[in-house]
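Take a look at the structure below.
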Amino acid sequence: MRIIGHGVDLVENARIAALVDAHGAAFLERVFTPAERAYAEAGKRRRIERYAARFAAKEAVLKALGTGWRDGIAWRDVEILKMPSGEPRILLGGRCAQVAEELGVADWRASLSHTDLYAMASAIAFGPTASSASL
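Quick note: the sequence shown uses the working numbering, first residue 145, plus one each step.
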């Protein structure tokens, strides 16, 4: 596998808390998928940190793709799930999935972390190696 792109993002948890306080469900429903909201809400003590980490991961994915939030890409086109192993899983839909396919993205690796003050995420997009792409 070859690396197509790598994105990193750092978010202040207070920024996400302020957006949730100001816009409530409208913000959460615009940015996060139902599965992401269910995961964050299940951890009441770390609710904002969980939202912030997923927000950072979405930003990191778009940095890895080199697109930013343009060309019809929506927040919920990027979904960050937690696998039973604890590993984050990136799922793409809509225009974001199209861009990833055009770039030849075959797999993703991600890492999310948070403290009381910050959340960070790293996302790496992988494509096939030149030799495996021609098989």
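Even for Gly, the Cβ is constructed at its ideal location relative to N, Cα and C.
- As the crow flies, the alpha-carbon of proline 178 is around 10 Å from that of alanine 184.
- Taking arginine 146 as reference, the option from Ala265, Ala263, Leu154 and Arg253 with the minimal CA-CA separation is Arg253.
- Bounds of the beta strand (DSSP E) holding arginine 233 are 232-236.
- Taking a cut-off of 8 Å for Cβ pairs, the stretch 209-223 and the stretch 160-170 do not touch, as fewer than three such pairs fall below it.
- For the stretch 184-265, the full-length beta strand (DSSP E) segments reaching 3 residues or more read 222-226, 232-236 and 251-258 along the chain.
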